[in-house]
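Note that the UniProt record's numbering numbers the sequence shown so that position 206 is 206, with each residue one more than the last.
Backbone N, C-alpha and C fix where the C-beta goes; we use that ideal spot for every residue, glycine too.
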Amino acid sequence: METLALAEPSASLSVWALFWQAGWIVKMVMIGLLGASIWTWAIIIDKIIAYGRMRLALNRFEQTFWSGQSLEELYRTLSERNTTGMGSIFVAAMREWKKSFEKGARAPLGLQTRIDKAMDLALTREMERLEGRLGFLATIGSAAPFIGLFGTVVGIMTSFQAIAGSKSTSLAVVAPGIAEALLATAIGLLAAIPAVVAYNKLSSDAGKLAVRMEGFADEFSAILSRQIDEKVAQRA
């Protein structure tokens, strides 16, 4: 009989049983943290795929750009597509170039400034796309442990209430509330740890992609600057 009495509390300490035995506040905490964890993994997988595609797109564009193809031909090809990365920066610069010379631009310094601003805006849009939803990972990484701690506090309060109600400090009385509290903490860490690791890794990857695009923008700006000087010299 004593063996059976000890087996019942341990049997009721499964994860599923603890969830259903928990109070509605702790249940809401657990559900919220599980939802945040699922959304965190969805963002991580989406960003890994998106960054991989961006790397491939950058490699293909660089190969095409430095292959010796004329800028006009490359612009006509890319302007008909939905470009990303270096392609969008290139199209933005060439569009400003063509608009200015079609209107008879005579101030090379002003044209160079407008082209640089167009490329900066295109780069900013690309970075916003790359870094989108990374803020959610940072928020979950910093807030999830405290949310889980809130569930822990509520679970411990439940244990003290059970002790006061039964006037007993036996393990069978205290264990469910403590286990419930620890489960909330574990779920909080389950959501926070991947979010923190992924945020640091994805932020680093986004920074590397940004450096590549910034480098191309600087190189292309120098190329256009030389062509502007040549056109001004021809007009003179």
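Item	Value
Report the residue ranges of all alpha helix (DSSP H) runs contained in full by the UniProt domain "MotA/TolQ/ExbB proton channel" (110 to 214); include only those spanning at least 4 residues, in chain order.	134 to 166
Cutting at 6 Å between CB atoms, please list the residues of its own chain near G151, excluding the five before and the five after it.	V26, V29 and A184
Thinking C-alpha only, which one of L202, G110 and A210 is nearest I48?	L202
According to DSSP, is R53 part of a helix, a strand, or is it coil?	helix
Given that a residue counts as buried once 16 or more other Cβ atoms are within 10 Å of its Cβ, and exposed if not, what is L130?	buried
Ordered along the chain, which non-local residues of its own chain (more than five positions away) have a Cβ less than 7 Å from that of D116?	S221
Strictly under 8 Å for the Cβ-Cβ distance: is G151 near chain D by that measure?	In summary, chain D is missing from the structure at hand, where a single protein chain is found.
Based on Cα-Cα distance, which residue from R125, A217, S37 and E62 lies nearest to G141?	S37
Have a look at W41, I163, I89 and D229 and flag the residue whose alpha-carbon is nearest the alpha-carbon of L121.	I89
In whole angstroms, give me the CA-to-CA distance for F65 and G110.	25 Å
How about Q21 and E180: are their beta carbons less than 8 Å apart?	yes
Could you work out which residue in R81, M94 and L56 is closest to S70 when comparing CA atoms only?	M94
Tell me where the alpha helix (DSSP H) around T77 begins and ends.	L71 to S79
Looking at L137 and Y199, is the spacing between their C-beta atoms short of 8 Å?	yes
Which residues in the same chain as I193 place their Cβ atom closer than 7 Å to its Cβ, once the five residues preceding and following it in sequence are excluded?	none
I'd like to check one pair, F61 with G32: are the Cβ atoms closer than 8 Å?	no
Distance check for L224 and S67, CA to CA, integer angstroms please.	17 Å
Nearest by alpha-carbon distance to residue 244: which of T83, P145, A144 and S14 is it?	Because residue 244 is not part of the residues shown, which for the chain are 1 to 236, the question remains open.
On a Cα-Cα basis, can you pick out the residue from S204, T113 and F101 that is closest to K231?	F101
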